[in-house]
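Residue numbers (my numbering): 1073 to 1751.
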């Protein structure tokens, strides 16, 4: 069972003797064992020591022999059931390990720690079962499996097929699971005999599809009623369309149970014998009847040792799954690479890091040439949304913009973003056309409760820590007069969100005039936009105008503190309106920002027909902060979930820009009045 870390003091940790090179050369493997309280060593262990071996591989025999001769204990190590995006043979490190003191989970001939958990643990704690239920929902929502190199653009076969799951030849789970290579021939024959009119889809193992290891089936096994599927499809997509599922001992059989199937098993995997499968070769010792949630609780919550690659610590299943989901999404979207256009020079290094989980980016600022390059290479065309021109043409064109938790500092001062969005339909600030964010908000009504709760927790964290888009470390707001206080945030007047999302009111002066006219007795608090205050963008107001319309001008004030101090907000399209909604403040929109038109704001303009009341605030938050942007951890350099970015911003653990970046930023400030030269 999962071993808690003993101490950070290497002298008090348990010695773990190893005799295979992988334990010494695989950095992530060593680190997880170290955090779990093990100190890797060479040499003779002696009685009372512990020897580590990898599962039941042939190389494990050396360690087994040493343990038997020395009287040392044996720790069998295996990958956890959520491992990585690519298989280990492709170089991806694991996000978790199985550390078993009594056996190995796939060896049905002897009990393992997992089998003991499943057989004897009460598995009746309501909180544990609730976590299991939410964990199953998370795997389905994010389509996570052991390996996660999938292409979401590939459609699964038409539903109604019988799914037969292949495995790699020589896999230890086959022989130690009471099966053999002959079991695969028997399984396919049974699938055909028991489903005489059905289509058969054979799912190849990911390592077979990548050419690393052979499987048991090939084109000779196909025919009019049988196809071999090697395409990188998510298991959940395949299981959703399957009428029945056949497997020997694949981990995908476990996922089939979580998807509501009762798989036919021709081996004795860890999930056999608990009343959740049709066992053609029932394993000994097992007879307890479990629910899918209980099976999940033991297998995913209690048994593995999970690792958080961003915070470099052991963690819960939930944190490991979120880390893996962020990496899997990046790989899925970046798998073909991109041609990129309209990207300023200083952004290119950051874009390459953000969108480089695949072959990377090729930059070309000439729209026609970039479009031809994208077509020729069959790569998506990335264009900075504000720089898109009619000459940018591609079957797969994605508009790029900053996300809503952007940085600690202004983009206009060349501070690198922590989040970016890539939209295949439009862009969030343009209500004149559909966007991916609109689709996510509309679909949020179907989110699992666990995902909505995650959005609530994230919003609470942002509110608690006073986090906003730019997080400038601004001064506390001035003392505000008593009365009904309305915050009016100024905006950059030539910003695309104003030009695209404001049909009538398009200037800060107009916004203030409307707010004052509708609220003659209110205390109007005007907050200029940071880029305008810095002299970098258009939108400054004359002091005489401010004197007549605003009771308080909150220069350089913390926006989160201002929202908290005010009773309502009036805005054109400012993101502060969204941040005010997260703080339960009423918001009036004179434009049509992404958060308007869903029944959550008071809107002065008719929303697009695509937007209708129905999504909740939690659903809006999930779409805008979890589903839509991509995040990159500035510490580990890895794709990450938004919770990591919120923590980095709150603790200010963000590497500072280099001196070259700061020098260029100063030069940009000097040339602000000639912005056409550098924008």
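For every residue, glycine included, the Cβ atom is placed at its ideal position computed from N, Cα and C.
Note that the structure is predicted; figures quoted are calculated from it, not measured.
Residue 1594, DSSP secondary structure in three states: Coil at residue 1594, not helix or strand.
Residue 1227 to residue 1236 span [Cα, whole Å]: 18 Å
Whole-angstrom C-beta distance between residue 1150 and residue 1193, which should lie under 8 Å: Between residue 1150 and residue 1193 the Cβ distance is about 20 Å, and since that is not below 8 Å, they are no contact.
Counted within 10 angstroms of its Cβ, other Cβ atoms place residue 1089 as buried (16 or more) or exposed: buried
Given residue 1715 as reference, the closest of 1420, 1445, 1491 and 1278 once Cα atoms are compared: 1491
Between the CA atoms of residue 1692 and residue 1594 - distance to the nearest angstrom: 29 Å
Residue 1189 in three-state terms, based on DSSP: helix
Paired residues, beta bridge with residue 1089 - DSSP: 1113 and 1123
Inter-stretch contact at 8 Å, needing at least 3 Cβ pairs: the region 1423-1431 / the region 1393-1407: yes
Cβ pair residue 1564, residue 1532 closer than 8 Å: No, these two residues do not count as a Cβ contact at 8 Å.
Cβ contact (3+ pairs, closer than 8 Å) linking the region 1300-1317 and the region 1214-1230: Yes, the region 1300-1317 is in contact with the region 1214-1230.
For residue 1470, the first and last residue of its enclosing beta strand (DSSP E): 1469-1474
Sheet register partners of residue 1170 (DSSP bridge): 1150
Outcome for residue 1079 when other beta-carbon atoms lying within 10 angstroms are tallied against a minimum of 16: For residue 1079, the pLDDT reaches just 38, beneath the cut-off of 50, and the residue's location in the model is therefore unreliable, although a value from the coordinates is still provided. So residue 1079 ends up on the exposed side.
Which of helix, strand or coil DSSP assigns to residue 1204: helix
Endpoints, beta strand (DSSP E) assigned at residue 1435: 1433-1435
Where residue 1521 sits in the DSSP three-state scheme: helix
For residue 1167 and residue 1148, believed in contact at Cβ under 8 Å, the rounded distance: In fact, because the Cβ distance is near 19 Å, the residues do not count as touching under 8 Å.
Residue interval of the beta strand (DSSP E) (run including residue 1412): 1410-1413
Residue from 1206, 1503, 1126 and 1159 with nearest C-alpha to residue 1218: 1159
Extent of the continuous beta strand (DSSP E) to which residue 1299 belongs: 1298-1301
Nearest to residue 1708 (by Cα), restricted to the options 1727, 1175, 1697 and 1105: 1727
Beta carbon of residue 1256 nearer than 8 Å to that of residue 1320: yes
Three-way DSSP call (helix, strand, coil) for residue 1139 in this model: Note: residue 1139 maps to helix in three-state DSSP.
Buried/exposed call for residue 1182, threshold 16 Cβ in 10 Å: exposed
Cβ pair count under 8 Å reaching 3, the region 1641-1656 against the region 1620-1630: Counting C-beta pairs with one atom in each stretch, the region 1641-1656 and the region 1620-1630 have fewer than three that are closer than 8 Å, which means they do not touch.
Segments of 3+ residues assigned as beta strand (DSSP E) that fall wholly inside the region 1248-1279: Look at the region 1248-1279 and you find these whole runs of beta strand (DSSP E), each 3 residues long or longer: 1272-1275.
When 1410, 1677 and 1474 are compared against residue 1443, the one with the closest alpha-carbon: 1410
Sufficient close CB pairs (3 or more, under 8 Å) joining the region 1447-1461 to the region 1516-1524: no
For residue 1726, the first and last residue of its enclosing alpha helix (DSSP H): That residue, residue 1726, is in no alpha helix (DSSP H); it is neither H nor E in DSSP.
Simplified DSSP state of residue 1742, which is helix, strand or coil: Caution applies to residue 1742, whose pLDDT of 47 falls short of 50 and renders its modelled position unreliable; the value that the coordinates give is listed next. The answer is helix: DSSP assigns residue 1742 an H, G or I state.
For residue 1631, three-class secondary structure by DSSP: helix
Own chain residues within Cβ distance below 6 Å of residue 1201, not counting five before or after: 1365.
Reference residue 1374; option with closest CA among 1723, 1187 and 1133: 1187
Chain-order list of residues whose beta-carbon lies under 6 Å from that of residue 1632 (same chain, five-residue window excluded): 1538 and 1540
Euclidean distance between Cα positions of residue 1651 and residue 1241: Distance between the alpha carbons of residue 1651 and residue 1241 is about 54 Å.
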